[in-house]
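Below is one structure, written out as structure tokens; comments come after it.
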Amino acid sequence: QRTTPRYCSFASEFVVDTSQTFYYNWLAVVSAAFSYNLVFIIARSVFTQLQEALWVWLLFDYLTDGVNLIDMFFSSRTGVLEQGLMITDLSRLRRFYRQTMRFKLDVLAVLPTDLLYLVPQISTNGVYVRANRLLKFGKFLEFFDRTEARTNFPNLFRALNLMMYIMVIFHWNACIYFALCLIIGLGKDSWTYPMRPDGLMIANSEPYNFSAELDELYAKYLYSFYWSSLTLTAVAEIPKPVTEFEYVFEIIVLIVGILIFAIIIGSVGSMVTNISAASTEFQQRMDGAKRYMEFRKVGKALEHRVLRWFDYLWENKQSLDEENILGTLPEKLKAEVAIHVHFDTLKRVAIFQDCEPGLLVELVLKLKLQVFSPGDYICRKGDIGKEMYIVKRGKISVVSPDGKTVFVTLGEGSVFGEISILNIPGNKTGNRRTANVRSDGYSDLFCLSKTDLWDALTEYPDARVKLLEKGQQLLRKDNLIDEAVLAKALRAQETMEQKSQRLADDLASFQALFSRTQAEFDATQGRLKRRIARLEKRRMGGGPGGEVDSSGDETADGEAKPARREE
Numbered sequence: 001q002r003t004t005p006r007y008c009s010f011a012s013e014f015v016v017d018t019s020q021t022f023y024y025n026w027l028a029v030v031s032a033a034f035s036y037n038l039v040f041i042i043a044r045s046v047f048t049q050l051q052e053a054l055w056v057w058l059l060f061d062y063l064t065d066g067v068n069l070i071d072m073f074f075s076s077r078t079g080v081l082e083q084g085l086m087i088t089d090l091s092r093l094r095r096f097y098r099q100t101m102r103f104k105l106d107v108l109a110v111l112p113t114d115l116l117y118l119v120p121q122i123s124t125n126g127v128y129v130r131a132n133r134l135l136k137f138g139k140f141l142e143f144f145d146r147t148e149a150r151t152n153f154p155n156l157f158r159a160l161n162l163m164m165y166i167m168v169i170f171h172w173n174a175c176i177y178f179a180l181c182l183i184i185g186l187g188k189d190s191w192t193y194p195m196r197p198d199g200l201m202i203a204n205s206e207p208y209n210f211s212a213e214l215d216e217l218y219a220k221y222l223y224s225f226y227w228s229s230l231t232l233t234a235v236a237e238i239p240k241p242v243t244e245f246e247y248v249f250e251i252i253v254l255i256v257g258i259l260i261f262a263i264i265i266g267s268v269g270s271m272v273t274n275i276s277a278a279s280t281e282f283q284q285r286m287d288g289a290k291r292y293m294e295f296r297k298v299g300k301a302l303e304h305r306v307l308r309w310f311d312y313l314w315e316n317k318q319s320l321d322e323e324n325i326l327g328t329l330p331e332k333l334k335a336e337v338a339i340h341v342h343f344d345t346l347k348r349v350a351i352f353q354d355c356e357p358g359l360l361v362e363l364v365l366k367l368k369l370q371v372f373s374p375g376d377y378i379c380r381k382g383d384i385g386k387e388m389y390i391v392k393r394g395k396i397s398v399v400s401p402d403g404k405t406v407f408v409t410l411g412e413g414s415v416f417g418e419i420s421i422l423n424i425p426g427n428k429t430g431n432r433r434t435a436n437v438r439s440d441g442y443s444d445l446f447c448l449s450k451t452d453l454w455d456a457l458t459e460y461p462d463a464r465v466k467l468l469e470k471g472q473q474l475l476r477k478d479n480l481i482d483e484a485v486l487a488k489a490l491r492a493q494e495t496m497e498q499k500s501q502r503l504a505d506d507l508a509s510f511q512a513l514f515s516r517t518q519a520e521f522d523a524t525q526g527r528l529k530r531r532i533a534r535l536e537k538r539r540m541g542g543g544p545g546g547e548v549d550s551s552g553d554e555t556a557d558g559e560a561k562p563a564r565r566e567e
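For the record, in the sequence shown the residue sitting at position 82 is 82 according to the UniProt record's numbering, with numbers rising by one throughout.
Rendered as structure tokens:
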């Protein structure tokens with residue numbers, strides 16, 4: 001039996017997923033091939049000195065052509081979403097690709113226009129016949145859009161992207177300018193490139209000895225690029241056109257330059273606005289706090305502490321509103337982000353170590369970040385415990401009531417206050433704080449409120465029982481639980497449960513007893529009815545002479561049955 005080779009099977013099932021990294025990397029390859037054609041097709045057509053290394057250029061030309069052909073193959077196997085599901089049927093994908101405009105452009109982009117090199121009037125210097133390769137601009141733009149979405153520095157990328165577009169426009173304008181100079185004649189007037197074919201050059205309309213450097217490739221390109229930048233930006237005086245053709249071209253370039261300048265100003269302004277948006281919003285919040293404190297005559301010391309708190313938030317990139325940012329995500333993605341950020345932290349809490357994963361997911365969505373300034377008391381001894389805290393960053397000290405003695409210092413990952421939010425019966429502290437906890441410096445703490453915990457536990461009754469048992473064990477360890485009160489509370493809870501169960505059991509027993517009594521009553525009544533009917537029948541059949549013996553039994557013929565006597 002013949003088997004299909006593995007590579008053949010792979011080729012027959014291969015489908016490109018646009019959400020995968022492979023597709024993005026392939027877009028980078030196609031974009032590199034497009035960039036090569038974008039820069040060098042016009043440059044080689046105008047600056048023919050570049051064609052001296054012809055075999056190198058031909059190698060790159062046909063390498064990029066191969067990339068375009070491979071891209072057509074991948075495009076015919078690129079997955080398409082239909083009702084949220086990706087189509088993997090190759091025949092449908094090919095049919096869909098052939099119906100798109102991209103297919104038509106791809107076909108035009110791979111047409112072998114290089115065959116026009118065989119025309120003597122064109123030859124290999126007519127690289128402009130390869131201009132159809134520029135029809136691959138769609139993949140080039142898609143690559144930049146995807147890169148902007150992926151990068152962590154989108155504003156910087158937009159700025160670099162804008163600079164690249166400007167340089168490309170300058171480059172094309174420089175090449176077009178030099179091409180027109182070749183058509184008009186180099187050095188024919190003051191507007192064209194200043195060199196005469198006879199070895200003289202124009203400078204202030206007066207010829208002088210020709211410099212060989214002006215015939216160098218880099219001199220021609222730099223002068224053309226310089227002219228292009230001056231013309232498009234209109235920041236300096238440029239040579240005045242002489243002929244009508246030069247005037248028309250100059251006017252077109254100036255109009256394009258105005259548009260480019262407007263685009264640059266708008267884009268730069270937009271980027272600056274985006275970059276400073278977070279700073280502006282944060283500054284407005286801080287200014288509002290300043291105005292409020294000034295209006296309420298808050299003391300300078302407290303005002304200074306508030307401003308230092310704002311400075312800490314900004315310096316540590318904590319000025320973002322996490323609730324609003326995560327609120328834009330669907331619940332599933334929001335949960336995954338919260339799990340990635342908080343799950344390991346929550347698992348460190350002793351009372352949550354063996355809890356159901358579903359409960360932990362519910363809890364991580366309820367964690368809130370709080371920032372405390374140096375010297376802030378997070379809780380004081382005797383306060384009613386309404387939250388538990390997990391230290392994300394900073395140092396927390398447990399101090400004496402006067403704040404002078406430090407009993408213990410808590411660091412990253414430490415947890416406190418978890419017992420007070422469980423409402424354990426018999427807790428000798430009465431769910432109140434047992435110590436004074438103070439922030440040594442700026443501290444970031446995750447907070448979980450009692451309300452949020454019990455809201456989550458309503459859906460997980462078994463987890464609630466386990467949490468209470470763990471809390472009881474921790475209190476027993478520190479001798480902070482009244483066993484009698486706990487036992488009484490447990491008995492009260494068990495009594496209620498037992499009452500419900502007993503009522504159910506009693507009802508079932510009563511139903512069974514009633515059914516059995518009913519069955520016995522029915523059976524007894526049936527026997528009595530049959531006995532009465534038999535007696536009535538015998539009495540009626542015996543007639544008036546019939547007698548009944550002392551035992552109440554009759555004979556078959558109506559005579560009384562004689563009593564049995566012993567001989």
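Note that the Cβ used here is the ideal one computed from N, Cα and C, for glycine as well.
Option in the options with minimal Cα separation from residue i
i           : options                        : result
Phe343      : Asp376, Ala301, Ile390         : Ile390
Val127      : Pro154, Thr48, Val56, Arg94    : Thr48
Phe407      : Gly413, Ile396, Ser414         : Ile396
Ser279      : His304, Glu336, Ile419, Leu313 : Leu313
residue 631 : Ser190, Gln284, Glu281         : Shown here, the chain extends from 1 to 567; a query on residue 631 therefore has no answer.
Val110      : Ser91, Leu63, Gln99            : Leu63
Lys347      : Val364, Ser75, Glu331          : Val364
Ser400      : Lys392, Gly394, Thr409, Thr517 : Thr409
Phe170      : Ile252, Ser228, Ile122, Arg130 : Ser228
Arg44       : Arg433, Lys404, Trp172, Arg393 : Trp172
Gly394      : Gln353, Ile378, Gly403         : Ile378
Thr273      : Arg102, Val248, Glu148, Ala159 : Ala159
Thr151      : Ser224, Tyr24, Ile87, Ile264   : Tyr24
Val253      : Glu331, Ala174, Val268, Gly266 : Ala174
Val256      : Ala533, Gln370, Leu230         : Leu230
Gln99       : Leu115, Ser75, Met86           : Ser75
Exposed unless 16 or more other CB atoms sit within 10 angstroms - verdict on residue i
i      : result
Arg133 : buried
Asn37  : buried
Asp17  : exposed
Asp61  : buried
Leu445 : buried
Lys297 : exposed
Arg130 : buried
Leu54  : exposed
Arg476 : exposed
Val235 : exposed
Val437 : buried
Pro194 : buried
Arg534 : exposed
Gly269 : exposed
Thr192 : buried
Ile122 : exposed
Ile351 : buried
Anticipated Cβ contact below 8 Å, residue i with residue j, distance rounded
i      : j      : result
Phe144 : Asn161 : 6 Å
Ala338 : Lys381 : At roughly 32 Å, the Cβ-Cβ gap does not stay under 8 Å, so Ala338 and Lys381 are not in contact.
Ser420 : Asn431 : 5 Å
Val80  : Leu93  : 7 Å
Thr113 : Gln51  : In fact, because the Cβ distance is near 17 Å, the residues do not count as touching under 8 Å.
Leu27  : Arg146 : 7 Å
Val39  : Arg77  : Contact doesn't hold; Cβ gap of about 30 Å is too wide.
Gly299 : Tyr460 : Contact doesn't hold; Cβ gap of about 48 Å is too wide.
Asn155 : Ile275 : 5 Å
Any C-beta of chain B under 9 Å from that of residue i
i      : result
Arg308 : Protein chains in the displayed structure number just one, and chain B is not present.
Near the ligand ZN: residue i beta-carbon under 8 Å from a heavy atom
i      : result
Phe510 : Although the ligand ZN was asked about, the structure shown includes no ligands whatsoever.
Tell me, please, whether the stretch 257-267 touches the stretch 152-169 by the rule of three or more beta-carbon pairs shorter than 8 Å.
yes
Quick check: the stretch 98-107 against the stretch 135-142, are at least 3 beta-carbon pairs closer than 8 Å?
Contact holds between the stretch 135-142 and the stretch 98-107, because three or more Cβ pairs, one in each stretch, are under 8 Å apart.
Three Cβ pairs or more, each shorter than 8 Å: is that satisfied between the stretch 441-458 and the stretch 369-376?
When Cβ pairs closer than 8 Å are counted between the two stretches, the stretch 441-458 is seen to touch the stretch 369-376, the count reaching three or more.
Given 8 Å, three or more beta-carbon pairs between the stretch 381-390 and the stretch 414-430
Two segments are said to touch when three or more pairs of C-beta atoms, one from each, lie closer than 8 Å; by this definition the stretch 381-390 touches the stretch 414-430.
Given 8 Å, three or more beta-carbon pairs between the stretch 59-74 and the stretch 179-190:
no
In chain order, which alpha helix (DSSP H) runs of at least 4 residues are fully inside the stretch 152-194?
Here the runs fully enclosed are 154-184.
Determine contact between the stretch 480-489 and the stretch 425-436, defined as no fewer than three beta-carbon pairs at a distance below 8 Å.
Flag = yes, the stretch 480-489 and the stretch 425-436 touch.
Does the stretch 515-527 come close enough to the stretch 461-469 to have 3 or more Cβ pairs within less than 8 Å?
no
Looking at C-beta atoms only, is the number of pairs between the stretch 352-370 and the stretch 300-311 that lie closer than 8 Å three or more?
no
Every unbroken alpha helix (DSSP H) within the UniProt domain "Cyclic nucleotide-binding" (351-474), with a cutoff of 4 residues, ordered by chain
Runs found: 357-364, 450-457.
Which ranges would you report for the beta strand (DSSP E) in the stretch 9-86 if only whole runs of at least 3 residues count?
80-82
Whole alpha helix (DSSP H) elements within the stretch 227-314, 4-residue minimum
Annotation note: the stretch 227-314 contains the following uninterrupted alpha helix (DSSP H) runs of length 4 or greater, listed N- to C-terminal: 244-295.
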